[in-house]
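Enquirer: Please see the structure below; I have some questions.
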Amino acid sequence: MNQRDVFLKEFRGETIGTINTQSSSDELFQNEVLRPILKLQNDLLVASFINHLAKNKIDYSALTIEKKMAMIENAIQKDIKFRNALKGMILGLFTTDEYLQYIKNAESLNKRMMNMLIERLKSQVQLF
Numbered sequence: 001m002n003q004r005d006v007f008l009k010e011f012r013g014e015t016i017g018t019i020n021t022q023s024s025s026d027e028l029f030q031n032e033v034l035r036p037i038l039k040l041q042n043d044l045l046v047a048s049f050i051n052h053l054a055k056n057k058i059d060y061s062a063l064t065i066e067k068k069m070a071m072i073e074n075a076i077q078k079d080i081k082f083r084n085a086l087k088g089m090i091l092g093l094f095t096t097d098e099y100l101q102y103i104k105n106a107e108s109l110n111k112r113m114m115n116m117l118i119e120r121l122k123s124q125v126q127l128f
């Protein structure tokens, strides 16, 4: 493991979530890699979403809670440019080995990553 990989693993912190012998490889990746990165990058991801709202001139405060939740999902699922920017904020903290593991099953892991991000933003809806 090179210095960057060691630094990233220490910087991100411990595994978050339950890992057992029945966990799938995607679950392991989610709990060992994605969750710690999402936790670490939380403030940046929230700031990015707030910027996305401002850039698109969306008056988020005028929306009902249900519409705010739908807006979060819609922004991440439909706006490919924004989605890719968010994905880059997460992928940039992968080690080389984690990236190699990620590209083997990118479609499934992207879905997990975006669903986790949507839930994380929804749980902080009062910040926007």
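Using the UniProt record's numbering, read the sequence shown as starting at 1 and increasing by one per residue.
Ideal Cβ placement from N, Cα and C applies to all residues, glycine included.
These numbers come from a predicted model, not from an experiment.
#1: Which residues bound the alpha helix (DSSP H) around GLN3?
#2: Give a yes or no on whether the C-beta atoms belonging to LEU117 and LEU38 are separated by under 8 Å.
#3: If we require 4 or more residues per run, which alpha helix (DSSP H) segments fall completely within the stretch 18-94?
#4: Chain D beta carbons: is any one of them nearer than 8 Å to that of ILE37?
#5: Across the stretch 90-107 and the stretch 62-78, are there enough close Cβ pairs to call them in contact, namely three or more that are closer than 8 Å?
#6: If distances are taken between C-alpha atoms only, which option among ALA85, VAL46, GLN30 comes closest to LYS122?
#7: Is the CB-CB distance between ARG12 and LEU91 below 8 Å?
#8: Enumerate in chain order the residues of its own chain whose CB-to-CB distance from VAL125 is below 8 Å, with the five nearest sequence positions on each side excluded.
#9: Quick one: Cα of SER61 to Cα of PHE128, how far?
#10: Please report the straight-line C-alpha distance between LEU86 and SER48, rounded to a whole angstrom.
#11: For PHE82, which of GLU32, MET114, SER25 has the nearest alpha-carbon?
#12: Report yes if the C-beta distance between LEU109 and ASP26 is below 8 Å; otherwise report no.
#13: Starting from GLN101, trace the alpha helix (DSSP H) in both directions and tell me its first and last residue.
Expert: According to the structure data:
#1: 3-12
#2: Cβ distance < 8 Å, so LEU117 and LEU38 count as in contact.
#3: 25-29, 35-40, 42-55, 65-78, 80-91
#4: No chain D is part of this structure, which consists of one protein chain only.
#5: no
#6: VAL46
#7: no
#8: Within the same chain, VAL125 has close Cβ partners ILE65, LYS68, MET69, ILE72.
#9: 7 Å
#10: 8 Å
#11: MET114
#12: yes
#13: 96-104
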